[in-house]
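S.K.: Protein chains in written order, with my numbering: chain A, 25 to 245; chain B, 2 to 230. Using N, Cα and C, we set each Cβ at its ideal position, and we do this for glycine too. The model shown is predicted, which means the values in this text are computed figures rather than measured ones. Below you will find the structure I want to go over with you.
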């Protein structure tokens, strides 16, 4: 029970996010209107994705240093959950963009960057499936994972700063500045980020334990 | 430490020399790439009809050149690890360090790409017309492009050569990795094309150099793990 306190916290945070996100008072802004509530669902997806992909890369590095099945499985499952968060982030973002910018896809540098990021990780999944031998698959996909992550960083953090974006806070800091978020939004936004990210880690945890058990079962059969 | 560096340098020089001699003896590979560039440019010329230049076709001219270069480099570099047979790889494995191999391949591919990119640009400008105003800056962007493509594609081709259907993998693994580079290159060469002030491209230039440095360092660190299998 004591070990699982963070899972309970995750559930509570997410319940709070959904309830408060839909019902609480939000600032009235032109164009955005009520869609600003999407802030609690769209933005945390990206925070969660980057953190979970970072976990994936860390386990890939750990695999190269110490090749165990556990490291490989966690790296792979984390990459898959990262993809899930990325897809959800893109879908929620497109929905939001339709109502605020008028188009689902408006050639915004951040939209493009996220699409390319997803392509990289789809390629990672395809690469993994093209090896039959487990050790070779693990080592080579770990190498690609690290390589791709190193190539992705400039894409996510440098490119949007160089070009104009429809996203808030472009031309300089791509995040929010202190004036955009008022305290009512923060009240829900921070718990939302924490909750969604923890949910992602939880999914990775469950899936990789399941995968490890399955592999052990196949070994004994 | 200095002694190790000297050994590494010697290995790299030797391996580059070996690749050059190999290329020179079996010219079909290089001639094939030349013909590939030539026919692609000609197909573009016929299908786009860009000869009659208007002001608004500048971006198309530029983007088309980079797309041709991208496909050329993917095809040229894909074979850098696939063409080696097993016995030879095993032989290298026993006599040289993996760092030497990856650096030598990167340098060799860069030379190859520089040559191909230059020929491609000359032929392209000859066939489709040349709207570039700041030629030195444009050549600099070609140079950075050749270096960038060859560094990242060399590593990708090493990864892809280990897998089953390597030619498809080569494309899907490399395109997403190369896109940020390509976007900046297109922007920089567009600036050069319009003859803008050279300071305008400084951001792109520095970022490209930084990406190249990251890619080379990561390849240098990671290649030994790939090489072992």
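I need the DSSP call for residue 28(B), collapsed to helix, strand or coil.
M.R.: On the second chain, position 27 is the one that residue 28(B) refers to. Correct three-state label for residue 28(B): coil.
S.K.: Is there a Cβ from chain B that is less than 8 Å from the Cβ of residue 196(A)?
M.R.: Locating residue 196(A) in the first chain gives position 172, counting from the first residue. Only weak support exists for where residue 196(A) lies, its pLDDT of 39 falling under 50; the value from the coordinates is given anyway. So no, residue 196(A) is outside the interface.
S.K.: Should residue 173(B) be flagged as near chain A, meaning a C-beta pair shorter than 8 Å?
M.R.: Here residue 173(B) refers to the residue found at position 172 of the second chain. So, interface residue.
S.K.: Thinking C-beta only, is residue 91(A) closer than 8 Å to residue 162(A)?
M.R.: Within the first chain, residue 162(A) is the residue found at index 138, counting from 1. Within the first chain, residue 91(A) is the residue found at index 67, counting from 1. Yes.
S.K.: Excluding five sequence neighbours on each side, which residues of the same chain lie with their C-beta closer than 8 Å to the C-beta of residue 13(B)?
M.R.: Position 12 of the second chain, counted from the first residue, corresponds to residue 13(B). Closer than 8 Å at the Cβ level, and outside the excluded window around residue 13(B), lie 101, 104, 105, 108.
S.K.: Going along the chain, which residues of its own chain have a beta-carbon closer than 6 Å to the beta-carbon of residue 197(A), five neighbours each way excluded?
M.R.: For the purposes of this step, residue 197(A) is taken as the residue at position 173 of the first chain. Any reading at residue 197(A) must be qualified, since the residue scores a pLDDT of 40, below 50, and its modelled position is unreliable; no value is offered.
S.K.: Return the CA-CA distance between residue 80(B) and residue 139(A), expressed in angstroms with no decimal places.
M.R.: Here residue 80(B) is taken as the residue at index 79 of the second chain, counted from 1. Here residue 139(A) is taken as the residue at index 115 of the first chain, counted from 1. Rounded to the nearest angstrom, the two C-alpha atoms are 28 Å apart.
S.K.: Can you tell me the Cα-Cα spacing of residue 92(B) and residue 165(B), whole angstroms?
M.R.: As a position in the second chain, residue 92(B) is number 91, starting the count at 1. As a position in the second chain, residue 165(B) is number 164, starting the count at 1. Taking the straight line joining both Cα atoms gives about 22 Å.
S.K.: Compare the Cα-Cα distances from residue 75(B) to each of 121(B), 151(B), 160(B) and report the closest residue.
M.R.: Counted from its first residue, the second chain places residue 75(B) at position 74. Of 121(B), 151(B), 160(B), the residue nearest in Cα terms is 151(B).
S.K.: Between the Cα of residue 65(B) and the Cα atoms of 78(B), 48(B), 77(B), which residue gives the shortest distance?
M.R.: Against the second chain, residue 65(B) aligns to sequence position 64. The candidate whose alpha carbon is nearest that of residue 65(B) is 48(B).
S.K.: Which residues of the region 148-179 of chain A have a Cβ closer than 7 Å to any Cβ of chain B? Give them in chain order.
M.R.: Listed by position, the residues of the region 148-179 of chain A near chain B (Cβ gap below 7 Å) are 150, 151, 154, 155, 160, 163, 164, 167, 168, 170, 171, 172, 174, 175, 178, 179.
S.K.: Among the candidates 221(A), 244(A), 209(A), whose CA atom is the shortest distance from the CA of residue 78(A)?
M.R.: One-based indexing of the first chain puts residue 78(A) at position 54. Here the closest residue by C-alpha is 221(A).
S.K.: Between residue 21(A) and the rest of its own chain, which residues show a CB-CB distance below 8 Å, the 5 nearest in sequence each way excluded?
M.R.: Summary: the structure shown does not reach residue 21(A), with chain A confined to residues 25 through 245, and so no result is reported for it.
S.K.: Give the residues of chain B in contact with residue 144(A), contact being defined as C-beta atoms less than 7 Å apart.
M.R.: As a working note, residue 144(A) is residue 120 in the first chain. Simply 177, 178.
S.K.: With a threshold of 7 Å on Cβ separation, who are the neighbours of residue 17(B) within its own chain once the five nearest residues in sequence on each side are excluded?
M.R.: The residue you call residue 17(B) lines up with position 16 of the second chain. So the qualifying residues of the chain are 105, 108, 109.
S.K.: Thinking C-beta only, is residue 144(A) closer than 8 Å to residue 155(A)?
M.R.: Reading the first chain from its first residue, position 131 is the one you call residue 155(A). Reading the first chain from its first residue, position 120 is the one you call residue 144(A). No, these two residues do not count as a Cβ contact at 8 Å.
S.K.: Can you give the Cα-Cα distance for residue 114(B) and residue 104(A), rounded to whole angstroms?
M.R.: Here residue 114(B) corresponds to residue number 113 of the second chain, with the count starting at 1. Here residue 104(A) corresponds to residue number 80 of the first chain, with the count starting at 1. Roughly 35 Å between the two C-alpha positions.
S.K.: Using a beta-carbon distance cut-off of less than 8 Å, what residues from the region 71-100 of chain B approach chain A?
M.R.: Of all residues in the region 71-100 of chain B, none has a Cβ within less than 8 Å of some Cβ in chain A.
S.K.: Taking C-alpha atoms, which residue in 209(A), 166(A), 134(A) lies nearest to residue 41(A)?
M.R.: On the first chain, position 17 is the one that residue 41(A) refers to. Comparing Cα positions, the closest option is 209(A).
S.K.: Run through DSSP, which three-state label would residue 198(A) get?
M.R.: Working through the first chain from its first residue, we reach residue 198(A) at position 174. Here residue 198(A) scores only 42 on pLDDT, less than 50, and its place in the model should not be relied on; the value that follows carries that caveat. DSSP places residue 198(A) in coil when its eight states are reduced to three.
S.K.: Does the beta carbon of residue 192(B) come closer than 8 Å to any beta carbon on chain A?
M.R.: Mapped onto the second chain, residue 192(B) falls at position 191. No, its Cβ sits nowhere closer than 8 Å to a Cβ of chain A.
S.K.: Pick out whichever of 107(A), 65(A), 84(A) has its Cα sitting closest to the Cα of residue 147(A).
M.R.: Start at 1 with the first residue of the first chain, and residue 147(A) comes out as number 123. Checked all of 107(A), 65(A), 84(A); the closest Cα to residue 147(A) is 107(A).
S.K.: By how many angstroms is the C-alpha of residue 173(A) removed from the C-alpha of residue 174(B)?
M.R.: By 1-based counting over the second chain, the position of residue 174(B) is 173. By 1-based counting over the first chain, the position of residue 173(A) is 149. C-alpha separation (whole angstroms): 12 Å.
S.K.: Could one say the Cβ of residue 88(A) lies closer than 8 Å to chain B's Cβ atoms, at least one of them?
M.R.: For this step, residue 88(A) is matched to residue 64 along the first chain. By this cut-off, residue 88(A) is an interface position.
S.K.: Any idea what DSSP makes of residue 163(B), helix, strand or coil?
M.R.: Within the second chain, the letter at position 162 stands for residue 163(B). In this structure, residue 163(B) counts as coil in the three-state DSSP scheme.
S.K.: For the region 194-228 of chain B, which residues have a CB atom closer than 9 Å to at least one CB atom of chain A, in sequence order?
M.R.: Result list: 204, 205, 208, 211, 212, 215, 216, 218, 219, 220, 222, 223, 224, 226, 227.
S.K.: Of all Cβ atoms in chain B, is any one closer than 8 Å to the Cβ of residue 140(A)?
M.R.: Here the question's residue 140(A) lines up with position 116 in the first chain. Judged by the 8 Å Cβ criterion, residue 140(A) is in contact with chain B.
S.K.: Given residue 176(A), which residues of its chain have a CB within under 7 Å of its CB, disregarding the five upstream and five downstream residues?
M.R.: For the purposes of this step, residue 176(A) is taken as residue 152 along the first chain, with counting starting at 1. For residue 176(A), where only same-chain residues beyond five positions count, the Cβ hits under 7 Å are 141, 144.
S.K.: So, with DSSP's three-state summary, where would you put residue 90(A)?
M.R.: As a working mapping, residue 90(A) is identified with position 66 in the first chain. Coil.
S.K.: What is the C-beta distance between residue 169(A) and residue 116(A), in whole angstroms, given that I count them as a contact (C-beta under 8 Å)?
M.R.: As a working note, residue 169(A) is residue 145 in the first chain. As a working note, residue 116(A) is residue 92 in the first chain. Incorrect: roughly 25 Å between the Cβ atoms, too far for contact.
S.K.: Measuring only the C-alpha atoms, how far is residue 231(A) from residue 121(A)?
M.R.: Walking along the first chain from the start, residue 231(A) turns up at place 207. Walking along the first chain from the start, residue 121(A) turns up at place 97. Distance between the alpha carbons of residue 231(A) and residue 121(A) is about 32 Å.
S.K.: Exposed or buried, residue 203(B), counting other C-beta atoms within 10 Å across all chains shown (16 or more means buried)?
M.R.: Indexing the second chain from 1 puts residue 203(B) at position 202. It counts as exposed.
S.K.: By the three-class DSSP mapping on this structure, what secondary structure does residue 101(B) have?
M.R.: Position 100 of the second chain, counted from the start, is the residue given in the question as residue 101(B). Residue 101(B): helix per DSSP, three-state reduction.
S.K.: Under DSSP, the alpha helix (DSSP H) around residue 74(B) begins and ends at which residues?
M.R.: For the purposes of this step, residue 74(B) is taken as residue 73 along the second chain, with counting starting at 1. Element bounds for residue 74(B): 59-83.
S.K.: State yes or no: is the C-beta of residue 83(A) within less than 8 Å of the C-beta of residue 102(A)?
M.R.: Taking the first residue of the first chain as position 1, residue 83(A) is located at position 59. Taking the first residue of the first chain as position 1, residue 102(A) is located at position 78. Yes, these two residues count as a Cβ contact at 8 Å.
S.K.: So, using beta-carbon positions, are residue 149(B) and residue 209(B) closer together than 8 Å?
M.R.: As a working note, residue 149(B) is residue 148 in the second chain. As a working note, residue 209(B) is residue 208 in the second chain. Cβ distance < 8 Å, so residue 149(B) and residue 209(B) count as in contact.
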